[in-house]
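Protein chains in written order, with the numbering used here: chain L, 1 to 112; chain C, 1001 to 1511.
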C-alpha cells in the first residue's frame, strides 16, 4: 500500500471520528496558493484546522512529530485564506484552533 | 506530571542550589528548557533523547518543559543532563525521586556519565544546604571523596542511577583513597650554596606568610631559592586543601591522575602574561594565575619585565585576598590569598650591585626600572631582600656547602612558628601574621617604648611609608614567633626593618 492511499484512508477515518464527536466537516483537502489543510471542521463557534498524520508503525517516532515549523506555517497561511473567503460569504468565525490528529494503524503480525 | 530534582550551579567558585523541575504534558512532542540556561545546558535537548533511548528507557514523546529554579539566576555547565534525565524517566517508571539526594552529571549519547567541571565546589555548596547524598560521574568520585561528611555515590551510566532511584540496586558510597602529602625530593635548600641570610629571610616569609621581593644580579640564586620555597611550606590544612582544589576543579585542571591538590600550589607565570591571565577573566570568568596559586606561592620571576599595568592591577586582589570580576551586572569572585614571591634584577642589565662587573644601563633605563621596583606594587610586598653574588670562599669551601641549612631544618623552624600563630589566631579571622589588618596589629603586635622610638626613626631616615611601617611590624611579630618569644623586642624589629632598606631605587639613584 502506498503512502498516498494510506493518507487518504487516514483522512477518511479522521473525518468519521470527528463527526462522531459532533464536528461538522466543512471542507476536506482545502488548497490555496499558500498551502493546504487536510480537514476543516466546525463545532459551535469553534472552527478547527486539522492536519491528519497516518502511520503504520511508531518506528519513526510519533506521527505528529513530522508536523514541523514549515508545515505549521503553511497550514496557518491556508487558514487565513480560508477565513477570508468565508468572510466574503458573510460568515463570522468564532474561536479558531489548529489541531493534529494522529492515526496509527499498526499491524502486529503473530501477536500471540 | 511534575518532578523535582536537586542539583546546583556555580558562579566562580560559589555554588547555588538549583531545583530542576520537569513537567510532562500530553501534546506535540517538544523539549524546552527555561530558567536562564546557557548554551551548554540548552544543548541537553539534543543529547537527552539518544542518551535515554540508548540506555534502554522510553523517551516521553510529549510536551516536556524543564525549569531551573531559581529561574532568575544565570546557570551554566553540562552537569544538568543527569538531573533532567532522572526527572524525565522516573515518573514514567512509577518511582519517586529522593528529596535528599542531588544529581550531577553530563550524559554521553550512549548513556555513560562524563566527568564534569567544578564537581568539588558544587558538592560543597550542596553540603552547605544540607544535602548529604550526591550521585555524580565516576570520574569525579576521587575529587569529591575528600569531603568526609557527604555520601558520594559515583555512577558509570544512566542505567545505574535509575536502578538506584528505583531501589533495585543501590549505588555504593565511595570512600576515597588516603591522602598523602609528599615533597619533590629533587629540590632541597641544602643545594643552595651560601646565601644563608636570604634563606633566613625565606624562613621568616614562609612562617608568617609575608611576601618576598628578592633583588640581585643574574645567577645569584633568586630563582633557585624561590623554586625551593614549597619544600618548607607548612602542610595545607583540610579546609585550605578544599579551597585550592575548588579553584582547580572550576578551571578543569584536575584529572584522574590528580583528583585533588594536596600540596600548596607554586605558580610561576611568564612575565609576558596579560592581566586577565594573571587575575582571571573571559566572557565566562575563569580563575587566573593568582587564584590558581591560592594558599600557595605566586612567583613572579623577572618582576621588572612584567607589564606595569599588570602589576598595578594585582594590587587590589593582593590586599583583599580575592579577585572580583564583573560580568552582566553580576560579580564573580575567586579566592586569591597568595604568598607573593618576586625576583628582580637590580637594573636592566643586572650588574648594578656587582663590584666585578660594570653596569651598562643608561640613566633613563635605571630610572624606568627603579620605578617598577619601587612602585606601589612592591610597597605591598612585606620583605625586600637584597642578594649579593656568593662569596668566593663559599665557592671554594666544600664543607661550608655541606653545612648549609637544609629544607628539613628550615621546615622545622617554620612549623614551630606556624603552630604558635595557629594557636594565637584560633578564634579569629586571621590565619597568619601576614593576614593581620590594622586592628589585628593593634591587638597582637604591641610595641614597647624602645621599639616605637626605633620605628619612628626608621620612618624618618629610611623614607618608609606608613604601610611599610605596619608591614615591618608584622614581620617583626613573625621573627619574635620564630624566636619563641611572646613580646616583640628591639632586635626583632631591627631585623624586620633590615628587610625594607634594600631599596633598589635609592641604589640606582646613587649610582
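Don't be surprised by glycine CBs; every beta carbon is placed ideally from N, CA and C.
- Excluding sequence positions up to five before and after residue 24 of chain L, its CB lies within less than 6 Å of the CB of 42, all in the same chain and listed in chain order.
- Within chain C, the C-beta atoms nearer than 7 Å to that of residue 62 of chain L come from 1029 and 1061, in chain order.
- Non-local beta-carbon contacts of residue 1129 of chain C in its own chain, meaning distances under 7 Å to residues more than five positions away in sequence, involve 1017 in chain order.
- For residue 35 of chain L, the enclosing beta strand (DSSP E) stretches over residues 35–43.
- Straight across, the Cα-Cα distance linking residue 1338 of chain C with residue 1320 of chain C is about 11 Å.
- When beta bridges are read from the DSSP output, residue 1009 of chain C appears opposite C:1016.
- Residue 1427 of chain C sits in coil when the DSSP states are folded into three classes, being neither helix nor strand.
- Under a 10 Å Cβ-count criterion, residue 1264 of chain C is classified as buried, with 16 or more other Cβ atoms of the shown protein chains found around its own Cβ.
- For residue 1138 of chain C, the three-state secondary structure derived from DSSP is helix.
- Between residue 1496 of chain C and residue 1489 of chain C, the beta carbon gap of about 11 Å keeps them out of contact (Cβ cut-off 8 Å).
- Going by beta carbons, residue 1104 of chain C and residue 1134 of chain C fall inside the 8 Å limit.
- With a beta-carbon spacing of about 15 Å, residue 1381 of chain C and residue 1336 of chain C fall beyond the 8 Å limit used to define contacts.
- Contact of residue 65 of chain L with chain C is assigned, a C-beta pair being separated by under 8 Å.
- Using a 10 angstroms sphere on the CB of residue 1301 of chain C, the tally of other CB atoms reaches 16 or more, which defines it as buried.
- Taking 7 Å as the upper bound on Cβ-Cβ separation, chain C lies near residues 100 of the stretch 93–108 of chain L.
- DSSP, reduced to helix, strand and coil, places residue 1293 of chain C outside both helices and strands of the structure shown, so it counts as coil.
- Straight through space, the alpha carbons of residue 91 of chain L and residue 29 of chain L are spaced by roughly 20 Å.
- With a threshold of 16 other beta carbon atoms within 10 Å, residue 1369 of chain C meets it and is buried.
- DSSP, reduced to helix, strand and coil, places residue 1031 of chain C within a strand of the structure shown.
- Annotation: the continuous alpha helix (DSSP H) that includes residue 1241 of chain C extends over 1238–1251.
- For the stretch 1026–1072 of chain C, the continuous alpha helix (DSSP H) assignments of 4+ residues that do not extend past its boundaries occur at 1039–1042 and 1044–1054, in sequence order.
- Below 8 Å, enough C-beta pairs join the stretch 1076–1087 of chain C and the stretch 1047–1057 of chain C to call them touching: three or more.
- Contact check for residue 1225 of chain C and residue 1202 of chain C: beta-carbon distance about 6 Å, within the 8 Å limit, so the pair qualifies.
- The C-beta separation of residue 1198 of chain C from residue 1214 of chain C comes to about 7 Å, placing the pair in contact by the 8 Å criterion.
- In its chain, beyond the 5 residues on either side, 1347, 1348, 1349, 1352 and 1369 have a beta carbon closer than 8 Å to the beta carbon of residue 1361 of chain C.
- A straight-line Cα-Cα distance of about 40 Å links residue 65 of chain L and residue 1329 of chain C.
- One alpha carbon belongs to residue 1467 of chain C, the other to residue 1379 of chain C, and they sit about 8 Å apart.
- Here residue 1464 of chain C carries a coil assignment [DSSP, helix/strand/coil].
- Comparing C-alpha distances from residue 1189 of chain C to each of C:1408, C:1451 and C:1438 shows the shortest one belongs to C:1408.
- The DSSP-derived three-state label of residue 96 of chain L is strand.
- With a threshold of 16 other beta carbon atoms within 10 Å, residue 1500 of chain C meets it and is buried.
- Here DSSP, grouped into helix, strand and coil, assigns residue 78 of chain L to helix.
- If you ignore the 5 residues before and after residue 100 of chain L, its C-beta comes within less than 6 Å of the C-beta of 51, 64 and 67, all in its own chain and listed in chain order.
- Between the beta-carbon of residue 1019 of chain C and that of residue 1069 of chain C there is about 4 Å, and that keeps the pair under the 8 Å contact cut.
- Approximately 6 Å separates the beta-carbon atoms of residue 1212 of chain C and residue 1385 of chain C; this is inside 8 Å, confirming the contact.
- Here the stretch 75–94 of chain L makes no contact with the stretch 1026–1038 of chain C; the two share fewer than three CB pairs at distances below 8 Å.
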